[in-house]
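J.:
There are 2 protein chains.
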Amino acid sequence: MTAMERTGPWRELLLPAMKRIAEDVDASFDALLPMANDPRDRLIEAMRYAAMGGGKRLRPLLVMATATLFGADRAMAIRVGTALEAIHVYSLIHDDLPCMDDDALRHGKPTVHVAFDEATAVLAGDALHDFAFEVLSDPNLSGDPFVRIELVRTLALASGMNGMAGGQMMDMAAETASFDLPTVTRLQQLKTGALLSAAVEMGAIIGRIPYEGRSHLRGYARDIGLAFQIADDLLDAEGDEEAAGKALRKDENAGKETFLSLLGPERAREQAQMLVEQAVGFLASYGEEADLLRALAWFIVERDR
Amino acid sequence: MTAMERTGPWRELLLPAMKRIAEDVDASFDALLPMANDPRDRLIEAMRYAAMGGGKRLRPLLVMATATLFGADRAMAIRVGTALEAIHVYSLIHDDLPCMDDDALRHGKPTVHVAFDEATAVLAGDALHDFAFEVLSDPNLSGDPFVRIELVRTLALASGMNGMAGGQMMDMAAETASFDLPTVTRLQQLKTGALLSAAVEMGAIIGRIPYEGRSHLRGYARDIGLAFQIADDLLDAEGDEEAAGKALRKDENAGKETFLSLLGPERAREQAQMLVEQAVGFLASYGEEADLLRALAWFIVERDR
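Note that the protein sequences, when read in sequence, are chains A and B. Heads up: the first sequence begins at 5 in our numbering, then just goes up one per residue. Heads up: the second sequence begins at 5 in our numbering, then just goes up one per residue.
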């Protein structure tokens, strides 16, 4: 039961796991978002359009990899991952709106306000936002109300003004202000880090690990979150729009400071590698049962999209 | 301990209660939405601008009046009412957006996207949406996780695709479809009825009344919800824009079917009166401790805004 090394065959472990979780999350959205056969169907269609068939599903994978680390039920982890993904998807729908980033392409297909209309996009985002809390509060998810309420609280805090939405606001302010490295770090910890950390926390909650017992997992999550954002900056600067399935180089064009603009490409790459090694270090007390979390960390800086 | 009659001095009971709950809800938002002293402050300002100092606070009053019917703690009812009001406020911010109803005035002041900007309005709505679940999941609200998760579940279901957001989608469809009375009834039960019913349910949850013991309260809530909407249609047709503090006669201009267009003013007024009497009938087993709920029902058809 020894842990995998970075030089090991971690891709052979990770890629099938990513494929499988993508299928499971799609099946979960499909089952939990049935058509209503009434005038609400346009809304439900838009929710399904946005939620299904796209994205790397990193957040559900993090939930599942953490939950199964503690022997928790995979089916429950999938549903919790689906709830968390619904929050991520809602935030993308709203971010893509004309009044926000005004993006026409997401995961290689037209964004919701383009494929439907703006009002439907606002509502589909709002309804997916509730959907997440509907799934987490469902008595069928767990018979233990404490587990459900802890999941709800973790997600609400990660998503709101002290998490993702707060980070989004800082990001808008970055267009006119010139942020330094600590402020960009704080911005990214809120904007993308909060949900990635929530994924790990929620996996640990399903695994029945008490709050005090999760500090090493919090360290892992914080470090991969920052590494993820630095890698994103690099992909954004060097990537291909068609392969990415979305518009690139928007931060640069908007004159926003990023890890890349502040550190330069070489130091940014070093910093991301250092963070990933540090993240894996937080898992030192685990054997091969944490290999998926290790592989995920390495993937974050080696991915090409 | 006999119940108040409609001919009694119910305004003397209701008006001070409305004034007091409005003060309490404002104080609650003020305490729960402190400024962050960082670049998120524009978001928090927009949330406070939208949430404080306006509205009749009918939903928090319904929570409080139901909770205190069962001797529950008023402070807890205020916090739960504040969470519910946050959902109502977020929905108003998003409804007012240019891509939705495009309203410039709400509660007599510029709407959030006018006073701030569209992107901030989208985000302020999203962050108030999370805020509601943050408040309800807070361990300080109640030591009993079952009470907290039941509150979360009730609110998420009332707010999402099978509640308010679903009703909003039906309302958009009403611009191009010609709905009959059962469909308009269903639309309104979702769009405004779901949150009003949730207010009563949440009051009963705080009052520790099990689900099966709440059916008469559900009947009361359903009837005042429909009466509220019919009265709203009448006020919309006959009211004064300045007194209302918002644009009126939009449904008529958009060619939407409403209770008023389908029933005509005389039958609509009769229907609202009948529903309110029926609502009060559901409270027959209570004495004067339910007078505030009775007064609220009567107010709904006698209000002028």
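Glycine included, C-beta positions come from ideal geometry on N, C-alpha and C. Given the structure is predicted, the values throughout are model-derived calculations rather than measurements.
Just how far apart, CA to CA, sit residue 196 (chain B) and residue 211 (chain B)?
T.: C-alpha separation (whole angstroms): 23 Å.
J.: For residue 149 (chain B), go through chain A and note every residue whose CB falls closer than 7 Å to its CB, in chain order.
T.: Within chain A, the residues near residue 149 (chain B) are 149, 150, 153.
J.: What residues match up with residue 110 (chain A) in a beta bridge as DSSP calls it?
T.: In the DSSP output, where bridge partners are listed per residue, residue 110 (chain A) has A:113.
J.: Can you tell me whether residue 228 (chain B) sits near the ligand GTP, meaning its C-beta is under 8 Å from at least one heavy atom of the ligand?
T.: With respect to small molecules bound, the structure shown includes none, and the ligand GTP cannot be examined in it.
J.: Just the C-alpha distance for residue 155 (chain A) and residue 267 (chain B), rounded to the nearest angstrom, thanks.
T.: Approximately 46 Å between the Cα atoms of the pair.
J.: Mind pulling the chain B residues with CB within less than 7 Å of residue 138 (chain A)?
T.: Neighbours of residue 138 (chain A) on chain B, chain order: 160, 161, 164.
J.: Since residue 48 (chain B) and residue 165 (chain A) are thought to touch, with beta carbons under 8 Å apart, how far apart are those beta carbons, to the nearest angstrom?
T.: Between residue 165 (chain A) and residue 48 (chain B) the Cβ distance is about 6 Å, and since that is below 8 Å, they are a contact.
J.: Within the same chain, show all residues whose beta-carbon is closer than 6 Å to that of residue 258 (chain B), passing over the 5 residues directly before and after it, in chain order.
T.: Counting only Cβ-Cβ distances below 6 Å, and skipping sequence neighbours, we find 179.
J.: Let me know the beta strand (DSSP E) ranges lying completely inside the segment 137-188 of chain A, each 3 residues or longer, listed in chain order.
T.: Whole beta strand (DSSP E) segments, 3+ residues: zero.
J.: Check whether the Cβ atoms of residue 21 (chain B) and residue 132 (chain B) sit closer than 9 Å, and answer yes or no.
T.: Contact: no.
J.: Please report the distance separating the alpha-carbon of residue 113 (chain A) from that of residue 218 (chain B).
T.: C-alpha separation (whole angstroms): 47 Å.
J.: Name the chain B residues that come within less than 9 Å of residue 145 (chain A), Cβ to Cβ?
T.: Within 9 Å Cβ-Cβ: nothing; residue 145 (chain A) doesn't reach chain B, min ~10 Å.
J.: How far does the alpha helix (DSSP H) with residue 295 (chain A) in it reach, from first residue to last?
T.: Segment 295-306, the alpha helix (DSSP H) holding residue 295 (chain A).
J.: Indicate whether the contact test is met: 3 or more Cβ pairs, each with one atom in the segment 192-206 of chain B and one in the segment 63-72 of chain B, closer than 8 Å.
T.: Touching, yes, given that three or more Cβ pairs across the two stretches are closer than 8 Å.
J.: Thinking residue 83 (chain A) and residue 32 (chain A) are a contact (beta carbons under 8 Å), I'd like their distance in whole angstroms, please.
T.: Confirmed, about 6 Å.
J.: Could you please give the first and the last residue of the uninterrupted alpha helix (DSSP H) stretch that includes residue 86 (chain B)?
T.: Segment 78-99, the alpha helix (DSSP H) holding residue 86 (chain B).
J.: Output yes if chain A places a C-beta closer than 9 Å to the C-beta of residue 191 (chain B); else output no.
T.: Closer than 9 Å: yes.
J.: Decide yes or no for the touch test of the segment 159-177 of chain A against the segment 32-45 of chain B: beta carbon pairs closer than 8 Å, at least 3 of them.
T.: These segments touch.
J.: What are the boundary residues of the alpha helix (DSSP H) that includes residue 70 (chain A)?
T.: Residue 70 (chain A) -> alpha helix (DSSP H) spans 62-73.
J.: Taking only beta-carbon atoms, is residue 206 (chain A) less than 9 Å away from chain B?
T.: No, because no Cβ of chain B sits closer than 9 Å to the Cβ of residue 206 (chain A).
J.: Are the CB atoms of residue 294 (chain B) and residue 7 (chain B) within a distance shorter than 9 Å?
T.: It is a contact, given that the beta carbons lie within the stated cut-off.
J.: Compare the Cα-Cα distances from residue 193 (chain A) to each of A:300, A:228, A:207 and report the closest residue.
T.: Closest option to residue 193 (chain A), Cα to Cα, is A:228.
J.: Under 7 Å Cβ to Cβ from residue 240 (chain A), same chain only, skipping five residues before and after it: list those, please.
T.: Answer for residue 240 (chain A): 252, 253, 255, listed in chain order.
J.: Tell me, to the nearest whole angstrom, how far the beta carbon of residue 264 (chain B) is from that of residue 69 (chain B); I am working on the premise that it is less than 8 Å.
T.: Not a contact, Cβ separation roughly 28 Å.
J.: Just mark residue 298 (chain B) as buried or exposed, buried being the case when its beta carbon has 16 or more other beta carbons within 10 Å.
T.: That one is buried.
J.: Does chain B have any CB closer than 9 Å to the CB of residue 92 (chain A)?
T.: No, residue 92 (chain A) lies away from the interface with chain B (no Cβ there is under 9 Å from its Cβ).
J.: Within 9 Å (strictly less), CB to CB, does residue 177 (chain B) reach chain A?
T.: Yes, because at least one Cβ of chain A sits closer than 9 Å to the Cβ of residue 177 (chain B).
J.: Taking any Cβ of chain B, which residues in the segment 38-49 of chain A have a Cβ under 9 Å from it, in chain order?
T.: Cβ contacts with chain B: 40, 42, 43, 44, 45, 46, 47, 48.
J.: For residue 185 (chain B) and chain A, any beta-carbon pair shorter than 9 Å?
T.: Not closer than 9 Å to any Cβ of chain A, the Cβ of residue 185 (chain B) fails to qualify, so no.
J.: Identify, in the order they occur along the chain, each residue of the same chain with its Cβ nearer than 6 Å to the Cβ of residue 204 (chain B), setting aside the five sequence neighbours on each side.
T.: Answer for residue 204 (chain B): 66, 70, 221, 225, listed in chain order.
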